Amino acid sequence: HNFWLGEAADRFRAVQATAPDFTLGYWGEALAQHGNPFGHRRPPVDTMRAIL
């Protein structure tokens, strides 16, 4: 798989700006920030909390 996580996060933030009540935009950004589910690297907890 090719994970375009940075691009995905950018797109989900764009959704949040145009439709702030659409919760999937926030969920998608959090999922993109979480990274590759099969990888070992995770973002700092503070980064994840700031999104949510």
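In terms of the working numbering, the sequence shown is residues 407 to 458.
We treat Cβ as the ideally placed atom computed from N, Cα and C, and that holds for glycine.
Keep in mind the model is a prediction, meaning the values are calculated, not measured.
Roughly how many whole angstroms lie between the Cα atoms of THR429 and THR453? Approximately 18 Å between the Cα atoms of the pair.
Below 7 Å CB to CB, which residues in the same chain sit around PHE418 once its five sequence neighbours on both sides are set aside? Excluding residues within five positions, the ones whose Cβ falls inside 7 Å are GLY431, GLY434, GLU435, ALA438.
For chain B, find out if any of its Cβ atoms is closer than 8 Å to the Cβ of ALA425; answer yes or no. Looking at the structure shown, chain B is missing, and only one protein chain is on hand.
In whole angstroms, give me the CA-to-CA distance for LEU458 and VAL451. Inter-residue distance for LEU458 and VAL451 is about 11 Å (C-alpha atoms, whole angstroms).
Going by C-alpha to C-alpha distance, which of PHE444, ALA414, HIS440 sits closest to ARG455? Of the listed residues, the one whose Cα sits closest to ARG455 is HIS440.
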